[in-house]
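Structure record follows, encoded as structure tokens.
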Amino acid sequence: MLRRDFLTMIAAVTGTAMIGGRAMAYDPTTAGTNAFSAEDTAFLDEVAEVIIPKTDTPGAKDAAVGAFMTVYVSDCYTAQDQQGFRTAMENLKSAATAQGKDFMQMSADERTTLLDGIAREARTASAEGAAKAKAEGRAAKNADLHWFTPLHQLVLFGFFTSEVGSNEVLRYEAVPGEYIGDLAYNGEPAWAT
């Protein structure tokens, strides 16, 4: 099942208006036509490929995660969250420039080293932000997260909800365990689930 078909199905089940068999919860866009350019999509594809590289299983580029991210952010994020995402992209580009190269010109090893360092920094900063929120007696918010964390999370979400990620990387079991269709029943209460 295609990701957009799945999202359309969810929209239909949750009560979104259907017109001519099409969910009208959003206006579909394509990568680079709304809030992001084709260059942004290519950049996000390269970032995603560092996070989920192609090995004996498909990588993020195989799942077109960059294009997914641009559409998802354009269609689903508020203007403030879109700006936060753009800031994260710019921060990442600046971190690469501080290393002496444009991110797109870095080798795979240089990109991996850069993102590993940023991810370690993000884990520490996000944990500190969550601890601060807890100490203040409130739920953690996006503002408590390191700028890289939402970008990283969107890469993972985009990949593992894609057709490639869900069918070729993950394993799906409709019902965990064995199905026994003819089970002896002696009058006790039936299972609720």
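Under mature numbering (1 follows the signal peptide of the UniProt record, and there is no 0), residues -25 to -1, 1 to 168 are what the sequence shown spells out, in order. Every residue gets a Cβ at the ideal spot worked out from N, C-alpha and C, and that includes glycine.
With burial defined as no fewer than 16 other Cβ atoms inside 10 Å of the residue's Cβ, what is the status of residue i: buried or exposed?
{"i": "Ala137", "result": "Sequence check: residue 137 is Ser here, not Ala. Counting Cβ neighbours within 10 Å, Ser137 comes out buried, since at least 16 surround it."}
{"i": "Met(-2)", "result": "In this predicted model, Met(-2) has a pLDDT of only 44, less than 50, meaning its place in the structure is not dependable; the value taken from the coordinates is given anyway. Met(-2) comes out exposed."}
{"i": "Ser49", "result": "buried"}
{"i": "Arg95", "result": "exposed"}
{"i": "Gly(-5)", "result": "Note that Gly(-5) scores a pLDDT of 46, beneath 50, so its modelled location is shaky; the value from the coordinates is reported in the next line. Gly(-5) should be labelled exposed."}
{"i": "Ser69", "result": "exposed"}
{"i": "Gly162", "result": "exposed"}
{"i": "Ala106", "result": "exposed"}
{"i": "Asp20", "result": "buried"}
{"i": "Ala159", "result": "exposed"}
{"i": "Asp157", "result": "exposed"}
{"i": "Ser12", "result": "exposed"}
{"i": "Ile93", "result": "buried"}
{"i": "Val(-13)", "result": "Residue confidence is low: Val(-13) scores 48 on pLDDT, short of 50, so the model does not pin down where it sits. Its coordinate-derived value is still stated next. Label assigned to Val(-13): exposed."}
{"i": "Arg86", "result": "buried"}
{"i": "Leu145", "result": "exposed"}
{"i": "Thr99", "result": "exposed"}
{"i": "Ala110", "result": "exposed"}
{"i": "Ile155", "result": "exposed"}
{"i": "Gly133", "result": "buried"}
Using 8 Å for Cβ pairs, my map puts residue i next to residue j. What's the rounded Cβ distance?
{"i": "Glu24", "j": "Ala17", "result": "Their Cβ separation, rounded to whole angstroms, is 11 Å, which puts Glu24 and Ala17 out of contact at 8 Å."}
{"i": "residue 173", "j": "Leu129", "result": "Absent from the structure is residue 173, since the part of the chain shown begins at -25 and ends at 168."}
{"i": "Leu120", "j": "Gly104", "result": "6 Å"}
{"i": "Ala97", "j": "His127", "result": "7 Å"}
{"i": "Ala71", "j": "Met81", "result": "6 Å"}
Kindly indicate the opening and closing residues of the alpha helix (DSSP H) around residue i.
{"i": "Thr30", "result": "Thr30 -> no alpha helix (DSSP H), and no H or E assigned at all."}
{"i": "His127", "result": "Phe123 to Phe135"}
{"i": "Gly104", "result": "Ala83 to Ala110"}
Examine chain C for any beta-carbon lying closer than 8 Å to the beta-carbon of residue i, and answer yes or no.
{"i": "Lys76", "result": "Annotation note: the requested chain C is absent from the structure, which comprises a single protein chain."}
*Is the segment 33 to 41 touching the segment 124 to 140, taking contact as three or more C-beta pairs under 8 Å?*
Enough Cβ pairs lie closer than 8 Å, so yes.
_Can you confirm whether the segment 98 to 116 touches the segment 46 to 64 when touching is taken to mean that 3 or more C-beta pairs between the two stretches lie within less than 8 Å?_
The segment 46 to 64 makes no contact with the segment 98 to 116, as fewer than three CB pairs between them are under 8 Å.
*Enumerate, from N- to C-terminal direction, the unbroken beta strand (DSSP E) stretches of 3 or more residues contained entirely within the segment 14 to 71.*
None, since the segment 14 to 71 contains no complete beta strand (DSSP E) of that length.
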